[in-house]
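Position in the sequence shown counted from 1, then plus 202, gives you this note's numbering.
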Amino acid sequence: MRLITENKISLLTSVSVISALLFLLIGLLAGLASSLQYIFPDFLKSSLPFSHLRPIHTSLVISWIVMAACGGIYFYLREIKGNELKFQRFGWLQVIMFITANIIACCAYAFGYFGGREYLEFHPSIAIPLLVSWLAFGIFFVKNTAEVRKNPPVYIYMWITGIVFFILTLTESQLWLFRHFSGNPVRDVTVQWKALGMMVGSWNMLVYGTAFYLLVRISGDENSARSGKSFFFYFLGFINLLFNWGHHTYVVPASPWIKNIAYIISMTELIILFRIIWEWKQSLRESAKHLHLMSYRFIMAADVWIFINLILAIGISVPWVNSFTHGTHITVAHAMGATIGINCMILFASLIYIQEKVNSSVISGKRKSLNAGFFVSNFSLFVFWMALLAAGMQNIINRNEMHFGLLKSLLLPYYKVLFFSGAMLFIGLLFLILPLISLYIQRKYQISNNLSFSQL
Numbered sequence: 203m204r205l206i207t208e209n210k211i212s213l214l215t216s217v218s219v220i221s222a223l224l225f226l227l228i229g230l231l232a233g234l235a236s237s238l239q240y241i242f243p244d245f246l247k248s249s250l251p252f253s254h255l256r257p258i259h260t261s262l263v264i265s266w267i268v269m270a271a272c273g274g275i276y277f278y279l280r281e282i283k284g285n286e287l288k289f290q291r292f293g294w295l296q297v298i299m300f301i302t303a304n305i306i307a308c309c310a311y312a313f314g315y316f317g318g319r320e321y322l323e324f325h326p327s328i329a330i331p332l333l334v335s336w337l338a339f340g341i342f343f344v345k346n347t348a349e350v351r352k353n354p355p356v357y358i359y360m361w362i363t364g365i366v367f368f369i370l371t372l373t374e375s376q377l378w379l380f381r382h383f384s385g386n387p388v389r390d391v392t393v394q395w396k397a398l399g400m401m402v403g404s405w406n407m408l409v410y411g412t413a414f415y416l417l418v419r420i421s422g423d424e425n426s427a428r429s430g431k432s433f434f435f436y437f438l439g440f441i442n443l444l445f446n447w448g449h450h451t452y453v454v455p456a457s458p459w460i461k462n463i464a465y466i467i468s469m470t471e472l473i474i475l476f477r478i479i480w481e482w483k484q485s486l487r488e489s490a491k492h493l494h495l496m497s498y499r500f501i502m503a504a505d506v507w508i509f510i511n512l513i514l515a516i517g518i519s520v521p522w523v524n525s526f527t528h529g530t531h532i533t534v535a536h537a538m539g540a541t542i543g544i545n546c547m548i549l550f551a552s553l554i555y556i557q558e559k560v561n562s563s564v565i566s567g568k569r570k571s572l573n574a575g576f577f578v579s580n581f582s583l584f585v586f587w588m589a590l591l592a593a594g595m596q597n598i599i600n601r602n603e604m605h606f607g608l609l610k611s612l613l614l615p616y617y618k619v620l621f622f623s624g625a626m627l628f629i630g631l632l633f634l635i636l637p638l639i640s641l642y643i644q645r646k647y648q649i650s651n652n653l654s655f656s657q658l
C-alpha cells in the first residue's frame with residue numbers, strides 16, 4: 203500500500219499522533235486519580251493504589267511526549283524530502299512495538315507486577331520491544347535523510363542525536379541486571395540516574411528539534427537552520443544531554459568532577475531554547491505570525507514556561523538548595539513545568555501546525571475549543587505549579603519538626619488545591635486532545651491502487 207502524502211497526513215502519522223493523544227488522556231486520568239488519593243487515602247486503594255497509579259501516569263505521559271514527537275517527525279520528513287518516505291515498514295514496526303510495550307507495561311502496573319527501577323518500573327523483558335521500536339525508528343530515519351546528509355539543518359542533528367541516545371540510555375538503564383552494578387549501591391544509583399537523566403535529554407532533543415523545525419518553517423528563514431550560531435547551541439545542548447543528570451546525584455558519594463560539571467552546565471539546555479525562540483520571535487514576519495497564530499501561541503507559551511522553569515531549575519541545581527528540595531514537591535514542580543509547560547506546549551504547536559499546513563479551514567472550526575484549552579490549561583498549570591512549590595516549602599520547613607502524620611495534615615489544603623487545579627488542567631487539555639483526535643481521525647490521505655503491503 204502506497205501512501206501519497208502530497209499536502210496530506212499519512213496513516214503512519216495519524217496513528218502515531220492519535221496513540222500519543224490517547225496516552226496523554228489516560229495518563230492524565232491516572233494522575234488525577236492519584237492526586238485524589240492524597241485527599242482521600244482509601245479512594246481506589248484496594249484496586250488501584252497510588253503505587254500502581256503513579257507508574258501508569260508517568261509512563262504514559264512520557265510515552266505521549268515520545269510518540270507525539272515521532273508522529274511529527276514522520277510528517278516533517280516528508281516535507282523535507284519533498285517526495286514519498288521509504289522503508290515505511292520500519293516506521294510501522296516502531297509504532298506497533300512502542301504501543302504494545304506500553305499496553306503490556308500499564309496492564310502489569312495495574313495488576314501490581316513490577317520488576318524495574320524508578321520511572322522504568324516495568325519488567326526488564328518489556329525493554330526488548332521498546333529497544334526494537336527505537337532501532338526501527340533509527341533505521342527509518344537514517345534511510346529517509348540520506349538526501350540531506352551533505353548539508354543537513356540543525357534539527358536533523360537534534361533528531362538523530364535524540365534517537366541514538368534513547369537507544370543507548372534505554373540499554374544502560376537495564377545494567378542493574380548485572381551484579382557488577384546492582385552489587386554496588388553507589389554505582390547502581392549513579393548509573394540509574396545517569397541513564398534516566400540522559401534519557402530525558404534524548405526526548406528533549408526530539409522535542410526541541412521539532413520546535414526548531416517549526417520556527418524555521420513559520421518564519422521562512424531556512425538559513426538559520428544551518429547557521430554557526432545554531433550549531434554552537436546544538437553542541438551546548440548535546441553537552442547538557444551528557445551531564446545534566448549529575449545534579450540528581452549530589453547526595454551520592456560519586457566522583458566530585460561529575461557534580462561540578464553538572465552544576466555548571468545543567469541549565470544550558472533551557473537557555474538555548476529560550477534564546478532561539480526569543481531571537482526568532484523578534485524577526486518573525488507579521489504575515490506569518492497571523493497565518494500560524496494558533497501554533498505560534500503555543501510556542502510562545504512554551505517560551506514563557508522555559509523562563510519560569512529556568513528560574514526554578516537554577517535554584518535547585520545549587521547543591522546547598524538541592525539538599526533541601528530533593529525529594530519534595532518542588533522537584534515535582536520542576537518536572538511538571540518542563541513536561542507540560544514546555545514539552546506539551548511545543549508538541550501541541552506541532553500537531554496544530556500539521557493541521558494548519560494540510561487544511562487551515564478545517565482547524566479553524568476547532569479554534570474556539572483550542573483557544574479555551576490553551577488558556578485553561580496554562581492558567582490551571584500555573585496554579586498547580588505554585589501549589590507544588592508551596593507544599594514543598596512547607597515540607598522543608600516542618601519535616602524535621604513534625605511527625606509524618608501531622609505534616610500530612612498540614613499539607614492537606616495544598617493537596618486540595620493540587621487536585622482542583624489538576625482537574626481544571628485535565629479539562630483544559632481535554633479541550634485540546636479531543637478536537638485533535640477528531641481532526642487526525644478525519645485526516646486527508648489518498649491510497650493508490652497498488653494495495654501491496656510489501657511496499658510499506
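Yeah, the Cβ is synthetic: ideal placement off N, Cα and C, and Gly gets one too.
- At the C-beta level, Trp-395 and Trp-447 come within 8 Å of one another.
- Here DSSP, grouped into helix, strand and coil, assigns Leu-246 to coil.
- Judged by pairs of C-beta atoms under 8 Å, the region 335-344 does not touch the region 375-390, as fewer than three such pairs exist.
- Around the beta carbon of Lys-247, a 10 Å sphere encloses fewer than 16 other beta carbons of the protein chains shown; the residue is thus reported as exposed.
- Under DSSP, Arg-280 takes part in no beta bridge, so it has no partner.
- DSSP places Arg-499 in the helix class (H, G or I) of the three-state scheme.
- Going by DSSP, Cys-309 is part of the alpha helix (DSSP H) stretching over 290-312.
- The C-alpha of Val-520 is placed about 10 Å away from the C-alpha of Ile-466.
- Membership of Gln-239 in the alpha helix (DSSP H) is indicated by the continuous run 213-241.
- Rounded to whole angstroms, the separation of the alpha carbons of Ser-525 and Ala-397 is 22 Å.
- The alpha carbon of Ala-535 has as its nearest neighbour, out of Met-547, Ala-551, Asn-511 and Gln-557, the alpha carbon of Asn-511.
- Note that the region 278-288 does not touch the region 258-268; fewer than 3 beta-carbon pairs, one per stretch, sit closer than 8 Å.
- The residue among Ala-574, Ser-623 and Gln-596 with its C-alpha nearest the C-alpha of Trp-587 is Ser-623.
- The beta carbon of Gln-557 lies closer than 6 Å to those of Ile-565 and Leu-641 in the same chain, with the five residues before and after it left out.
- For Arg-601, no alpha helix (DSSP H) encloses it, and the DSSP letter there is neither H nor E.
- In the structure shown, Arg-319 adopts extended strand secondary structure according to DSSP, grouped into three states.
- Counting the other CB atoms within 10 Å of its CB gives Lys-568 a total of 16 or more, which places it among the buried residues.
- Here Lys-396 carries a helix assignment [DSSP, helix/strand/coil].
- Selection Leu-408, Ser-216 and Thr-533 evaluated against Asn-597 yields Thr-533 as nearest (Cα-Cα).
- Within 10 angstroms of the beta-carbon of Phe-277 lie 16 or more other beta-carbons, which makes it buried.
- In the three-state reduction of the DSSP assignment, Asn-561 falls in the helix class.
- 8 Å or more divides the Cβ of Phe-324 from the Cβ of Ala-312.
- Around the beta carbon of His-254, 16 or more other beta carbons lie within 10 angstroms, which makes this residue buried.
- Approximately 7 Å separates the beta-carbon atoms of Ile-554 and Phe-500; this is inside 8 Å, confirming the contact.
- Between Leu-443 and Gly-403, the gap from beta carbon to beta carbon is short of 8 Å.
- Per the C-alpha coordinates, the member of Gly-317, Thr-302 and Leu-636 positioned closest to Pro-326 is Gly-317.
- For the pair Ser-582 and Val-619, the Cα-to-Cα distance works out to about 10 Å.
- DSSP places Arg-381 in the uninterrupted alpha helix (DSSP H) bounded by 381-384.
- Shown here for Tyr-359: same chain residues with a beta carbon closer than 7 Å to its own, the five before and five after excluded, namely Tyr-436 in chain order.
- When DSSP states are grouped into helix, strand and coil, Val-454 belongs to the coil group.
- Nearest C-alpha to Ser-611 among Ile-228, Pro-243 and Lys-210: Pro-243.
- Rounded to the nearest whole angstrom, the CA to CA distance from Gly-293 to Val-523 is 44 Å.
- Exclusion of the five residues before and after Tyr-321 leaves Thr-260 and Leu-398 as the residues of its chain whose Cβ lies within less than 7 Å of its Cβ.
- Gly-364 has its alpha-carbon roughly 16 Å from the corresponding atom of Pro-354.
- When DSSP states are grouped into helix, strand and coil, Val-585 belongs to the helix group.
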